[in-house]
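Protein chains: 2
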Amino acid sequence: MSTPAPPSPHVGSRPGGRSARVRAAVQRATQELLADETNEPLTIPVVAARAGVHATTVYRRWGSIGELLTDVASSRFSGAIVVPDTGSLRGDLERYASDLAKDLGDPDSLPLVRATIGAGGEQGASACTRERQQQLEAILEREQARGNQTPTVQHVIDAVLAPLYYRAIFTDKALTPDWTRTLVSHVLPD
Amino acid sequence: MSTPAPPSPHVGSRPGGRSARVRAAVQRATQELLADETNEPLTIPVVAARAGVHATTVYRRWGSIGELLTDVASSRFSGAIVVPDTGSLRGDLERYASDLAKDLGDPDSLPLVRATIGAGGEQGASACTRERQQQLEAILEREQARGNQTPTVQHVIDAVLAPLYYRAIFTDKALTPDWTRTLVSHVLPD
DNA sequence: GCAATAACGCAGTGATCAATGCCATAATGG
DNA sequence: CCATTATGGCATTGATCACTGCGTTATTGC
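Shown next as structure tokens:
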């Protein structure tokens with residue numbers, strides 16, 4: 000966050016090369032430290048030590064904790080949920096909301112979201128939700144391709160996505176299936 | 000967060016005594032540092048220096064950055080908005096949502112929310128919204144006292160409060176009056 | 001295979017942080 | 001007004017952090 004920008008995170012390496020292995024180890028270590036209730040400081044030297052990597056490497060590739068968390072969140076929250084295809088908009092939304100609730104309820108995803116919001120600023124926060132918004136958009140577009148009317152993307156974000164994140168982050172209530180169904184019912188009256 | 004617990008934050012002092020002055024100075028310094036785009040580390044020594052107070056004092060009264068932020072957020076988000084009384088539920092909700100949008104849009108409240116979520120954990124996050132939920136509850140209860148039907152508190156939280164916080168934290172979109180009115184209209188059909 | 005380039009490991013440096021013991025000062029209660 | 005308690009200031013200490021040259025190892029392109 001304070002450094003100009005890493006020379007370019009080296010994305011051209013083969014999947015299994017040293018670079019990819021280091022990246023995976025560091026990302027895993029970061030999530031483990033966040034999940035650990037041991038209140039470890041989550042600094043770069045600590046993450047590096049846990050990953051079995053030298054702190055220098057982390058400083059050079061990520062630059063700061065904020066950028067590291069943003070990167071970890073991007074990976075963690077990309078592809079973890081597949082867009083369902085149940086045949087109906089209601090089915091898709093209910094299924095998707097339920098999957099997202101399960102994902103957000105995972106004990107090590109909430110600390111990651113919280114920490115990323117705190118240290119990653121605007122970039123970090125959007126890394127936690129960008130793919131979710133796009134997936135919601137895809138669900139609505141497919142329904143429109145079927146020739147049906149749909150609520151706007153914004154409405155679905157406000158009525159389904161926002162409450163899920165809000166409840167996860169700000170409360171200690173469970174994200175129950177009943178409740179997620181209720182959320183969906185508010186955008187699909189009948 | 001790691002210390003047992005401060006001996007008790009000294010709440011019995013007169014408003015204007017040394018204790019209260021120090022508390023105010025530290026809280027103001029914390030918010031100023033968060034608002035500053037200078038990317039200062041927001042550590043206890045830095046906060047203390049800016050407040051013209053010795054770091055020792057901050058360590059003893061708050062113990063950690065997380066607890067300090069939680070305390071600052073509690074103060075900052077308590078009493079900043081008064082529950083409106085327009086005579087109608089729709090008026091109250093629209094007014095309240097608009098006030099909250101203005102408050103969340105304040106350039107130095109968003110960094111505080113983000114940082115508190117990140118460093119304050121469950122306690123910190125709820126400090127940002129507790130009073131808001133209670134105020135919403137008060138609005139609904141007054142409408143019920145008028146003998147009218149209302150949506151549930153949970154529904155209003157999901158449909159109005161959650162999108163406001165979600166948009167503020169995760170996106171860079173403005174919290175426009177038009178949009179907040181739309182949110183209210185979703186819980187008050189007609 | 002063999003150069004060229006990029007990524008990583010190593011050791012070390014200055015700066016900053018968290019934490020503590022001791023004393024000064026202000027606030028409470030009789 | 002005085003004693004008791006609590007709160008804040010000061011100096012210091014050990015630990016940790018962010019960061020940087022330099023050499024080594026892996027990866028890429030020819």
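So the sequence lines, in the order shown, correspond to chains S and W.
In terms of numbering that gives the first Met the number 0, the first sequence opens at residue 0 and continues consecutively.
In terms of numbering that gives the first Met the number 0, the second sequence opens at residue 0 and continues consecutively.
Cβ coordinates follow ideal geometry from the N, Cα and C atoms, glycine included.
Just to confirm before moving on: does the CB-CB distance between residue i and residue j stay below 8 Å?
i	j	result
S/Thr69	S/Val46	no
W/Val52	W/Val25	yes
S/Asp98	S/Leu33	no
W/Ala96	W/Val183	yes
S/Leu160	S/Arg166	no
S/Pro135	S/Ile156	Checking the displayed sequence, the identity of residue 135 of chain S turns out to be Leu instead of Pro. A contact, by the Cβ cut-off of 8 Å.
S/Ala124	W/Ile168	yes
W/Cys127	W/Ala72	yes
W/Leu103	W/Ile138	no
W/Leu163	W/Ala114	no
Where does residue i fall in DSSP's three states?
i	result
S/Leu174	coil
W/Arg129	helix
S/Val71	helix
W/Ile156	helix
W/Arg60	helix
W/Val10	Caution is warranted here: a pLDDT of 39 is assigned to W/Val10, below 50, making its placement in the model unreliable, and the coordinate value is therefore given only provisionally. W/Val10 falls in the coil class under three-state DSSP.
W/Val186	helix
S/Leu41	coil
S/Phe169	helix
W/Arg145	coil
S/Pro106	coil
W/Ala48	helix
W/Pro3	Per-residue confidence for W/Pro3 stands at a pLDDT of 34, beneath the threshold of 50, marking its modelled position as unreliable; no derived number is given.
S/Ala79	coil
S/Pro150	coil
W/Arg180	helix
S/Thr29	helix
S/Ser87	coil
S/Asp35	coil
S/Ala19	helix
Measuring alpha carbon to alpha carbon, tell me which residue in the options is nearest residue i.
i	options	result
W/Thr236	W/Ala118, W/Leu182, W/Gln133	The requested residue 236 of chain W does not occur in the structure, where chain W is confined to residues 0 to 189.
S/Asn38	W/Gly120, W/Val21, W/Thr175	W/Gly120
W/Gln133	W/Arg89, W/Gly78, W/Ala100	W/Gly78
W/Arg60	W/Lys101, W/Thr181, W/Val21, W/Ala144	W/Val21
S/Pro110	S/Leu88, S/Gly90, S/Arg75, S/Arg141	S/Arg75
W/Gln148	W/Tyr164, W/Arg89, W/Arg27	W/Arg89
S/Ile64	W/Pro40, W/Gly62, W/Asp84	W/Pro40
W/Arg131	W/Arg180, W/Ser87, W/Ile80	W/Ile80
S/Asp105	S/Glu31, S/Asp189, S/Ser18	S/Glu31
W/Thr179	S/Gln153, S/Glu142, S/Arg141	S/Gln153
S/Asp84	S/Val112, S/Arg141, S/Thr56, S/Ala54	S/Arg141
S/Ser18	S/Thr56, S/Ala48, S/Val112, S/Gly86	S/Thr56
S/Ser87	S/Thr151, S/Lys172, S/Gly146, S/Asp177	S/Gly146
S/Val112	S/Ala54, S/Leu67, S/Tyr58	S/Leu67
W/Thr170	S/Asp35, S/Arg129, S/Tyr58	S/Arg129
W/Pro44	W/Ala54, W/Ala23, W/Asp189	W/Ala54
Does the beta carbon of residue i fall short of 7 Å from some heavy atom of the ligand ATP?
i	result
W/Gly123	Summarising the ligand content, the structure contains no ligands, and the ligand ATP is consequently not present.
*Name the residues in the stretch 87-115 of chain S whose C-beta lies less than 7 Å from a C-beta of chain W; which are they?*
Here the close residues are Arg113, Ala114.
*asked:* Give me the subset of the stretch 159-173 of chain S whose CB atoms are less than 8 Å from a CB atom of chain W, sorted by chain position.
replied: Within the stretch 159-173 of chain S, the residues whose Cβ lies closer than 8 Å to some Cβ of chain W are Leu160, Ala161, Pro162, Tyr164, Tyr165, Arg166, Ile168, Phe169, Thr170, Asp171, listed in chain order.
*asked:* At a CB distance below 8 Å, what residues from the stretch 56-72 of chain W approach chain S? Give them in sequence order.
replied: Within the stretch 56-72 of chain W, no residue has a Cβ that lies closer than 8 Å to any Cβ of chain S.
_Can you pull out the residues from the stretch 120-141 of chain S whose beta carbon lies closer than 8 Å to at least one beta carbon of chain W?_
Across the stretch 120-141 of chain S, CB contacts with chain W closer than 8 Å involve Gly120, Glu121, Ala124, Ser125, Cys127, Thr128, in sequence order along the chain.
*Taking Cβ-Cβ distances below 8 Å as the criterion, which residues of the stretch 31-42 of chain S are in contact with chain W?*
The residues in question are Asn38.
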